[in-house]
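Take a look at the structure below.
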Amino acid sequence: MDEKKIAEMFREAVPDTPPASFTHDDVRLVSNRQRLRRNRLVAGTALGVVLVAGGVTSGLLLSNETPSSDGVAAAQSGTTGNTAAAPYDAGVPGQEGREPAPRAAAPDKSFPSQSPEQGGTATGEAGPGAGSTPTGCPKADGELAAALASELPSAAGKQATPTPLRCPAGVRGASFSLRDGNQPPGVVSILYIPKGIALPSTPPWANSPSGTSVKTAYGPKGGEIVLVSQPPEGSTKAPFADRLADAAKHIAAKY
Amino acid sequence: MDQREEQEFAEYFVARRDAVRRTAYMLCGDWHRADDLAQTAFVALHRRWRKIRDHGALDAYVRRTVVRAAIDESRRPWRRERQTEVLPEVTDQSTRVDDQVATRSALLDGLKEVPPRQRAVLVLRFLEGLDVAATAAALKCSEGTVKSQTARGLDALRGVLGDALDDLRPAS
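Heads up: the protein sequence lines correspond to chains A and B, in order.
As numbered in this note's numbering, residues 63 to 317 make up the first sequence, in order.
As numbered in this note's numbering, residues 266 to 437 make up the second sequence, in order.
If you want it as structure tokens, here you go:
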């Protein structure tokens, strides 16, 4: 086969591209979330290293003070020290004998187990934390409901309800059951995520039905507005999906 | 990322999104997974946007990320392709609308049967139009490996399709 012909066939083989299922806002949202998680991991690791270093330093300081006080301390250290640490004594070039080794050995021994703990804790916390995040939107937020109603006239005069989305603590939200044209009513929700609050790895709208539309916008104060439109049962057409992006931008301007 | 950088990224995203999705589609044969792969690549690019000084290398970076994500994903147990002794049912060519559609379908079906790494080489060489050296750079392997993978990939494609591609090609 001629390489040019093969290349031609490859180019022809790609059918027309369907509409993309992600936008620039989605990319930015996921990227920011990953960055926050990484920062937390780095901060946790740094804290762990500082604590271990502090433990080692204080251990060394204490062990240096003890033998200098009097010779009896040698016997005390010998009794308080772990006999299992005795093999480490051989490698310590001090003439105090046993004292520095057991004291210093204790943090040393804990270091290898501390390090995995850090990795485990940081990654472990992100997982369960994401899954067991308490619901932060037990009631409909009046301010957000009014803001959404001002953007979607169909919501004007309707009673806002608590959002069915699982939102983390600190996040506010509200929902409306809205009918778009002749469609059965779907649920349009608004969430406000204040600056500094990170969404879990599984976002509140993760379990939404097929066809759900999600649009986000950031405000000048760092807050984030998320609009989620969920289609009615049996349909994949989310109500007012085409207006969510603009609405999110307008509302976000206040946050 | 400041506002200007975000704007630059947005412009690049708009310009390249569909091309990256098409490459991802050829790598995995499914638009939903293709979108996942493309989004993964753009997220990785967004996170490193400030660090990438040579913006002429953006395409290469995204391409490499998509290919690696596709190969990594194909290694996951739930994505692993299953061997079967029975070939998939051959579609009745007489019902095809035209030869071009048949060629397209045959090639896509055939690509799914080619091992992931060979598929990646074929897509980079023939869809993206990269030469051997650029493909080797994208896959971080030697040029010899690219040549051998290309030959094996084409053999595998011929093995699956037989002479279907030549027969179905529209007369030019």
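Virtual Cβ for every residue (Gly too), placed ideally from N, Cα, C.
If you're wondering where the values come from, they're calculated on a predicted model, not measured in any experiment.
Reference residue i, options the options, closest by Cα
i        : options                                   : result
A:Ile68  : B:Ala398, B:Leu389, B:Glu408 and B:Thr410 : B:Leu389
B:Tyr277 : A:Leu103, A:Ser83 and A:Val89             : A:Val89
B:Met291 : B:Cys406, B:Ala275, B:Ser407 and B:Gly375 : B:Gly375
B:Leu302 : B:Lys412, B:Arg313 and B:Arg287           : B:Arg287
A:Gly232 : A:Lys257, A:Pro215 and A:His86            : A:Lys257
A:Val92  : A:Thr264, A:Ala310, A:Pro271 and A:Pro282 : A:Thr264
B:Phe307 : A:Gln292, A:Gly106, A:Phe84 and A:Ile255  : A:Phe84
A:Asp78  : B:Ala284, B:Ala280 and B:Ala322           : B:Ala284
A:Leu210 : A:Lys66, A:Leu289, A:Asn94 and A:Arg102   : A:Leu289
B:Leu323 : B:Arg417, B:Leu419 and B:Arg282           : B:Arg282
Where residue i falls, given that 16 or more other Cβ within 10 Å makes a residue buried
i        : result
A:Ser251 : buried
A:Glu286 : buried
B:His311 : buried
A:Ser237 : buried
A:Ala300 : buried
A:Gly248 : buried
A:Gly193 : In this prediction, A:Gly193 has a pLDDT of 42, which is less than 50 and means its spatial position is unreliable; nothing more can be read from the coordinates.
B:Glu270 : exposed
A:Pro262 : buried
B:Val327 : buried
A:Arg160 : The predicted model places A:Arg160 with a pLDDT of 43, which falls under 50 and marks its position as unreliable; any figure quoted below should be read in that light. A:Arg160 should be labelled buried.
A:Pro294 : buried
A:Glu205 : exposed
A:Arg241 : exposed
A:Ala208 : exposed
B:Arg318 : exposed
B:Gln272 : exposed
A:Arg100 : exposed
A:Gly121 : buried
B:Cys407 : According to the sequence shown, residue 407 of chain B is Ser rather than Cys. Exposed, since its Cβ has fewer than 16 Cβ neighbours within 10 Å.
A:Asp87  : buried
B:Asp300 : buried
A:Pro200 : exposed
B:Val425 : buried
Neighbouring residues, chain A, relative to residue i (Cβ below 7 Å)
i        : result
B:Asp300 : Ala82, Ser83 and Phe84
B:Arg286 : Thr79 and Ala82
B:Asp420 : Correct list: empty, because the minimum Cβ distance to chain A is about 11 Å.
DSSP three-state assignment for residue i, whether helix, strand or coil
i        : result
A:Thr278 : strand
A:Leu253 : strand
A:Ser83  : coil
B:Gly418 : helix
A:Ala231 : coil
A:Ala32  : Given that chain A is displayed from residue 63 to residue 317, the structure contains no residue 32 of chain A and the question cannot be resolved.
A:Thr225 : coil
A:Gln96  : helix
B:Leu373 : helix
A:Gly248 : strand
A:Glu286 : strand
B:Ser407 : coil
A:Ser297 : coil
A:Ser272 : coil
A:Thr263 : Just to set this straight, residue 263 of chain A is Ser in the shown sequence, not Thr. Coil.
Under 8 Å from the C-beta of residue i: neighbouring residues of chain A
i        : result
B:Val308 : Val89, Val92, Ser93 and Gln96
B:Arg312 : Ser93, Gln96 and Arg97
B:Ala275 : His86
Partners in chain B for residue i, counting only beta-carbon separations shorter than 8 Å
i        : result
A:Thr107 : The contacting residues do not exist; A:Thr107 stays about 19 Å from chain B at best.
A:Phe72  : Met291, Leu372, Leu387, Val388, Phe391 and Leu392
Beta-carbon neighbours of residue i, restricted to chain B and to distances below 9 Å
i       : result
A:Val76 : Arg287, Thr288, Tyr290, Met291, Arg369, Leu373 and Leu392
Residues that residue i contacts on chain B, provided the C-beta gap is smaller than 7 Å
i        : result
A:Ile68  : Phe391
A:Arg228 : Result: empty, since nearest Cβ-Cβ is about 22 Å, beyond 7 Å.
Supposed close pair residue i, residue j - CB separation, criterion 8 Å
i        : j        : result
B:Val386 : B:Thr400 : 6 Å
B:Leu404 : B:Val332 : 7 Å
B:Leu422 : A:Ala75  : That pair is no contact at about 11 Å.
Interface residues of chain A facing residue i [CB-CB closer than 9 Å]
i        : result
B:Ala399 : In chain order: nothing, as chain A lies at least about 14 Å away.
B:Ala283 : In the sequence under discussion, the amino acid at residue 283 of chain B is Asp, which differs from the Ala named in the question. The contacting residues are Thr79 and Ala82.
Heavy atom of the ligand PLP within 7 Å of residue i beta-carbon
i        : result
B:Ser407 : As presented, the structure is devoid of all ligands, the ligand PLP included, so that no description of it is given.
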